[in-house]
Amino acid sequence: MAEQPKTIEIEVLRYHPEKDKTPHTQVFEVPFTDDMSVLQGVQYIKDYLDGSLSFRWSCRMAICGSCGMMINGIPSLSCQTFLRDYYPARVRVEALAHFPIERDLVIGMEGFIEKLESIQPYIIPKEPRTPAQGEYLQTPEQLAKYEQFSSCINCLLCYAACPQFGLNPGFIGPAATALLHRYNVDSRDGAQAERMELINSEEGVFNCTAVGYCSEVCPKHVDPANAVNQNKTNSAADYFLRFLSPKGGAK
Amino acid sequence: MKRPLKRSNAPIFWALFGAGGMLSALFGPMLVFITGLAIPLGLLLPADTLSYSRVLAFVQHWIGKGFVFAVIALFLWHAAHRIFHSLHDIGIHAGVGAKLLCYGLALVGTVIAGYTLLAIGF
Numbered sequence: 029m030a031e032q033p034k035t036i037e038i039e040v041l042r043y044h045p046e047k048d049k050t051p052h053t054q055v056f057e058v059p060f061t062d063d064m065s066v067l068q069g070v071q072y073i074k075d076y077l078d079g080s081l082s083f084r085w086s087c088r089m090a091i092c093g094s095c096g097m098m099i100n101g102i103p104s105l106s107c108q109t110f111l112r113d114y115y116p117a118r119v120r121v122e123a124l125a126h127f128p129i130e131r132d133l134v135i136g137m138e139g140f141i142e143k144l145e146s147i148q149p150y151i152i153p154k155e156p157r158t159p160a161q162g163e164y165l166q167t168p169e170q171l172a173k174y175e176q177f178s179s180c181i182n183c184l185l186c187y188a189a190c191p192q193f194g195l196n197p198g199f200i201g202p203a204a205t206a207l208l209h210r211y212n213v214d215s216r217d218g219a220q221a222e223r224m225e226l227i228n229s230e231e232g233v234f235n236c237t238a239v240g241y242c243s244e245v246c247p248k249h250v251d252p253a254n255a256v257n258q259n260k261t262n263s264a265a266d267y268f269l270r271f272l273s274p275k276g277g278a279k
Numbered sequence: 022m023k024r025p026l027k028r029s030n031a032p033i034f035w036a037l038f039g040a041g042g043m044l045s046a047l048f049g050p051m052l053v054f055i056t057g058l059a060i061p062l063g064l065l066l067p068a069d070t071l072s073y074s075r076v077l078a079f080v081q082h083w084i085g086k087g088f089v090f091a092v093i094a095l096f097l098w099h100a101a102h103r104i105f106h107s108l109h110d111i112g113i114h115a116g117v118g119a120k121l122l123c124y125g126l127a128l129v130g131t132v133i134a135g136y137t138l139l140a141i142g143f
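First to last, the sequence lines map onto chains U and Z. With the working numbering applied, the first sequence has no gaps in its numbers, which climb one by one up to 279 at the end. With the working numbering applied, the second sequence has no gaps in its numbers, which climb one by one up to 143 at the end.
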């Protein structure tokens, strides 16, 4: 038996920097079926109603982290948010909060990419190692220390959720701190001291006021708030104990 | 790409905030109960629990002094930090002035508490 055709109103935040002074909203009537995601809704708009609508997407299965949007005000991956959950009400789709809008639902990511580079998100070995020395061995306990933090897909939902990042875009922020922590607690890594300079700095963890919304919106169940809090403790210890250590810690 | 990084002094305030939070969670409700409910309503405790002579004896002992000082000073630092970080929620964009006012009040309270407790003598 054929399903009754349904349509839902999708209100989209539009912004074309060369034509518009300020962002404005536009409402589209979109036919949908129960298996359609919000991403498929905006794809329908682009394919059939207004080809000028811009947004990022790729995998459609919550792996690539491209399609983050504010959906009814909540930072969400539009590929795993379904239109049926909003019907018959209107659903509002906007660019991720706290970021500059490049066009429509596309945000500027430069600030985050810079942060990502600054945390050195790769293993920096304690000492040079040759292939002849064989692979690194790691116990399940050593893996468990960092494993959850390695699931980040850089979707930036946590930044859109973080009120402190909204107030101070210089704050290194949830995802970058979680990734920084992921390398700092990896038994193969030896660059913790270098990365702690960033944690200890004015852009570092003390911008966080323990709101915890970052961890709530994370689609990959990373707990960035936990990484930030662990590093507040690390940073405070470093702050007070650096006078006792021979190297004097970071400046 | 490496920006010059300036070490944050936040750990000082964060540590005071944390210590005050711990202390207020442990002792706050009990103190509210004793001073705000039990004594005024004459519940559970002897009527002269907070009499002048008892309280004076309490703060003249170094343990009592330490307790009263910690409770007043750390509660104040905890409150100052929390209020400072909550300011933007009520529409005040926190700047240097707000910082000085919040932490300054805590500092003044700490100094007064310390001075008064020492002035009471041993």
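Beta carbons: idealized from backbone N, C-alpha and C, even for Gly. None of the values given here were measured: they were computed from a predicted structure.
Item, Value
"Could you check if residue 47 (chain U) is buried or exposed, using at least 16 other CB atoms within 10 Å of its CB as the buried criterion?", "exposed"
"Mind pulling the chain Z residues with CB within less than 7 Å of residue 228 (chain U)?", "28, 29"
"Along the chain, where does the alpha helix (DSSP H) containing residue 57 (chain U) start, and where does it finish?", "Here residue 57 (chain U) belongs to no alpha helix (DSSP H); instead the beta strand (DSSP E) covers 52-60."
"Applying the 10 Å Cβ sphere with the 16-neighbour rule, what's the burial state of residue 31 (chain Z)?", "buried"
"Going along the chain, which unbroken runs of the alpha helix (DSSP H) with 4 or more residues stay wholly within the stretch 82-155 of chain U?", "138-146"
"Excluding the 5 residues preceding and the 5 following residue 89 (chain Z) in the sequence, name in chain order all residues of the same chain whose CB lies nearer than 7 Å to its CB.", "80, 138"
"If we define contact as Cβ-Cβ less than 7 Å, is residue 139 (chain U) a contact residue for chain Z?", "no"
"Within the 7 Å Cβ cut-off, does residue 106 (chain Z) reach chain U?", "yes"
"What residues in its chain sit with their C-beta under 7 Å from that of residue 280 (chain U), if we drop five residues either side in the sequence?", "Here chain U covers residues 29 to 279 and nothing more, so residue 280 (chain U) does not appear."
"So with Cβ pairs under 7 Å, would you call residue 36 (chain Z) a contact of chain U?", "yes"
"For residue 81 (chain U), verify whether its CB is less than 6 Å away from any heavy atom of the ligand COA.", "The ligand COA is not among the ligands present in this structure, which contains no ligands whatsoever."
"Are any of the Cβ atoms in chain Z nearer than 7 Å to that of residue 279 (chain U)?", "Low confidence applies here, because residue 279 (chain U) scores a pLDDT of 46, under 50, leaving its location unreliable and the question unanswered by this model."
"Would you please verify whether the beta carbon of residue 40 (chain Z) is less than 7 Å from any beta carbon of chain U?", "no"
"Is the number of C-beta pairs between the stretch 114-121 of chain U and the stretch 141-157 of chain U that are closer than 8 Å three or more?", "no"
"Quick one: using the 10 Å Cβ neighbour count with 16 as the cut-off for buried, is residue 67 (chain Z) buried or exposed?", "exposed"
"Is it true that the CB of residue 248 (chain U) sits closer than 7 Å to the CB of residue 179 (chain U)?", "yes"
"According to DSSP, what are the bridge partners of residue 217 (chain U)?", "U:153"
"Just to confirm before moving on: does the CB-CB distance between residue 104 (chain Z) and residue 134 (chain Z) stay below 7 Å?", "no"
"Going by DSSP, name the residue or residues bridged to residue 34 (chain U).", "U:60"
"Name the residue from U:170, U:182, U:130, U:245 whose alpha carbon lies nearest to the alpha carbon of residue 212 (chain U).", "U:170"
"Roughly how many angstroms separate the alpha carbons of residue 263 (chain U) and residue 128 (chain Z), rounded to a whole number?", "24 Å"
"Exposed or buried, which one is residue 95 (chain Z) when buried takes at least 16 other CB atoms within 10 Å?", "buried"
"Just verifying my parser: in three-state terms, what is the DSSP assignment at residue 353 (chain U)?", "Nothing about residue 353 (chain U) can be reported from this structure: the residues present for chain U run from 29 to 279 only."
"Hey, out of U:80, U:43, U:114, whose CA is closest to residue 61 (chain U)'s CA?", "U:114"
"Quick one: residues in its chain with C-beta nearer than 7 Å to the C-beta of residue 22 (chain Z), no 5 flanking neighbours on either side, listed in chain order?", "At residue 22 (chain Z) the pLDDT is 46, less than 50, meaning the model places this residue with poor confidence; the figure from the coordinates comes in the next sentence. Cβ within range, chain order: n/a, list empty."
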